[in-house]
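In our numbering, the protein residues as written are 33 to 459.
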Amino acid sequence: MPALVLIGAQWGDEGKGKATDQLGDRVDYVVKFNGGNNAGHTVVIGDDTYALHLLPSGILSPGCTPVIGNGVVVDLGVLFEEIDALEARGVDTSKLVVSANAHLIASYNRTLDKVAERFLGNRRIGTTGRGIGPTYADKMNRVGIRVQDLFDEKILRQKVEGALELKNQVLVKVYNRKAVTVDAVVEELLGFADRLAPMVTDTGLLLTAALDRGETVLLEGGQATLLDVDHGTYPFVTSSSATAGGACTGSGIPPTRVDKVIAVVKAYTTRVGEGPFPTELHDQDGERLRAQGHEYGTTTGRPRRCGWYDAPIARYAARVNGVTDFVLTKLDVLTGWERIPVCVAYEVGGTRFDEMPMGQSDFHHAKPVYEYLDGWSQDITGARSLEDLPKAAQAYVRAVEEMSGAPISSVGIGPDREQTLQLRPLL
Ligand code: GDP
Ligand code: IMO
Ligand code: MG
């Protein structure tokens, strides 16, 4: 039985939460393998809307065990706030397990994220300010604090001392902030230890044993391909591996166990924060996409930048992730345009690029080459099969599929669980 990877194909907010939720009752484990509470996944179940940040979307499926993998960075205050808020709404969170190797976001890393952005001025990334980048930097610099460190106060203290030696110099001398005391950090972290202890597990061992027993594991990515630290629009990226490769390193499941890679892709494009975005619209069409698609960040509330579908990006995602299935979302948002532009290539300084250019400067200057597809005006949110859609909407789906390098297995026509047209089974 399989391990499935589910990732975002664009710059995030493609509707990964909804897609994960839909598979939730058919999988045994849902694993978050990267990122932290920079993510924001909205899941709509009947009249209830849930906004998840740190918890895997599988937490809403009663039969499923949610796992926070080793590749995640965990803000413990946020973790327990999110658990308490779900419990208060009647969601059972008792199955949640957390990797002993996941790194912890300490208060000084939240501070550093915010002051570093201010320091960068117009070169800022537009981060979520949650301490994600500095915590991954600590991991790579080998001065990070991990979940397991909470259970040995002596070790915890040593590690916090080691980390603060340099951080306090930077906080005080570079950023003109107050130094942080070792005691305050240790006390804050230890305050969570007893509550966290029963959740902590060797998650890599747990998951590979589950696969050996024939159970199904869904690896749910946060962020997306173009926000990946290696394969995204660096430096305008997040600091983790959000592509399919990251699903293995971030969970402890080897690549040979992964059977499917599902990429969630919006029928148009959005982006939050700074960085290049060739099909971005600065006109009324952009405002209309934002309004019709409710494109405001789940995590920070920031208005999302909006633009047309970008096929070279989808092809890039298909290649980098080895996508077996696309889940196309938010087709309903495109209702009402007479013609819908779709970017099929770029033009940079008179040269045509059919794939993403190698160099960052070229991508910054890329102008979209558009093909125009027919639009439709009928409401499609009540459709139950692809054949129910107006011919032009069907043609849009098929044209986008043709351009994007992998088959489309489902089409989203609204936020509800039922508003999904299944073209081929995902599981
Ligand atoms: P994620 O971060 O990839 O999980 O995506 P977000 O939850 O941040 O943003 C996607 C938004 O679109 C959420 O509010 C979803 O409820 C909503 N959504 C998902 N699929 C569809 C769809 O097919 N149509 C519409 N109209 N909304 C959708
Ligand atoms: P989901 O999982 C959209 C963006 C931020 C910023 C950049 C770096 O909901 O798709 P960070 O705080 O991670 O260091 O910020 O990445 N970003 C996201 N954009 N969706 C997300 O998550 C994002 N997580 C981070 O806006 O541009
Ligand atoms: Mg989101």
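Heads up, the beta-carbon is just placed ideally off N, CA and C, and yes, glycines get one too.
Among the options, which has the Cα closest to the Cα of residue i?
i: Val-443; options: Ala-425, Gly-437 and Leu-459; result: Ala-425
i: Glu-31; options: Ile-137, Val-175, Arg-162 and Val-104; result: An answer regarding residue 31 cannot be provided, because it is not within the stretch 33 to 459 covered by the chain.
i: Ser-93; options: Val-75, Ile-100 and Val-110; result: Val-75
i: Lys-48; options: Leu-196, Ala-274 and Gln-324; result: Ala-274
i: Ser-464; options: Gly-109, Arg-178 and Thr-265; result: Residue 464 lies beyond the stretch modelled for the chain, which goes from 33 to 459, so this question has no answer here.
i: Leu-222; options: Asp-107, Thr-331, Asn-141 and Trp-408; result: Asp-107
i: Val-202; options: Leu-363, Gly-325, Leu-144 and Tyr-341; result: Leu-144
i: Leu-237; options: Asn-200, Gly-284 and Arg-227; result: Gly-284
i: Ile-115; options: Ser-436, Ile-91 and Ala-229; result: Ile-91
i: Gln-324; options: Phe-268, Val-212, Lys-362 and Lys-171; result: Lys-362
i: Ala-211; options: Ala-195, Phe-224 and Ala-225; result: Ala-195
i: Ile-445; options: Val-432, Leu-421, Ala-427 and Tyr-404; result: Leu-421
i: Pro-230; options: Ala-51, Asp-315, Ala-132 and Gly-278; result: Ala-132
i: Thr-332; options: Gly-278, Leu-459 and Gly-158; result: Gly-158
i: Asp-181; options: Val-218, Asn-173 and Glu-197; result: Val-218
i: Thr-367; options: Asp-215, Ser-409 and Leu-459; result: Ser-409
i: Arg-337; options: Trp-369, Thr-356, Thr-301 and Tyr-348; result: Thr-301
i: Arg-347; options: Val-204, Phe-385 and Gly-318; result: Phe-385
i: Gly-305; options: Glu-327, Pro-287, Leu-405 and Val-296; result: Glu-327
i: Met-172; options: Val-261, Ile-187 and Ala-35; result: Val-261
i: Leu-258; options: Val-37, Ala-241, Ala-35 and Glu-46; result: Glu-46
i: Pro-88; options: Asp-80, Ala-51 and Asp-244; result: Ala-51
i: Gly-122; options: Asp-80, Gly-153, Leu-136 and Thr-167; result: Asp-80
i: Gly-253; options: Ser-272, Phe-224, Asp-357 and Ile-187; result: Ser-272
i: Val-214; options: Tyr-207, Lys-199, Pro-310 and Val-206; result: Lys-199
By a C-beta neighbour count over all protein chains shown, 10 Å radius and 16 as the cutoff for buried, is residue i buried or exposed?
i: Gln-42; result: buried
i: Ser-441; result: buried
i: Met-390; result: exposed
i: Ile-100; result: buried
i: Ile-77; result: exposed
i: Thr-160; result: buried
i: His-85; result: buried
i: Ala-438; result: buried
i: Ala-120; result: exposed
i: Ala-83; result: exposed
i: Thr-235; result: buried
i: Asp-315; result: exposed
Does at least one heavy atom of the ligand IMO sit under 7 Å from the Cβ of residue i?
i: Arg-162; result: yes
i: Leu-259; result: yes
i: Ser-273; result: no
i: Val-37; result: no
i: Asn-66; result: no
i: Val-304; result: yes
i: Gln-255; result: yes
i: Phe-224; result: no
Throw me the rounded Cβ distance for the residue i and residue j pair, which I believe falls under 8 Å.
i: Tyr-61; j: Cys-96; result: 7 Å
i: Leu-251; j: Val-63; result: 5 Å
i: Asn-102; j: Ala-138; result: 18 Å between Cβ atoms; not a contact.
i: His-73; j: Thr-413; result: Not quite, the Cβ-Cβ distance comes to about 21 Å (not below 8 Å), so this is no contact.
i: Tyr-402; j: Val-374; result: 7 Å
i: Val-293; j: Gly-354; result: 5 Å
i: Gly-344; j: Glu-387; result: For clarity, residue 344 is Pro in the given sequence; the question names Gly instead. Pro-344 to Glu-387, Cβ: 6 Å. Contact.
i: Val-192; j: Val-232; result: With 8 Å as the limit, Val-192 and Val-232 do not qualify as a contact, their Cβ atoms being about 19 Å apart.
i: Gly-339; j: Leu-313; result: 5 Å
i: Gly-407; j: Trp-369; result: 4 Å
i: Val-59; j: Val-249; result: 7 Å
i: Ala-256; j: Ile-39; result: 7 Å
Quick one: does the C-beta of residue i sit closer than 7 Å to a heavy atom of the ligand GDP?
i: Gln-426; result: no
i: Gln-410; result: no
i: Thr-281; result: no
i: Val-99; result: no
i: Ile-440; result: no
i: Asp-107; result: no
i: Pro-447; result: yes
i: Val-365; result: yes
i: Gly-47; result: yes
Report all residues for which the CB-ligand distance to some heavy atom of the ligand MG is below 5 Å; order them along the chain.
The answer, residue by residue, is Asp-45, Gly-72 and Thr-330.
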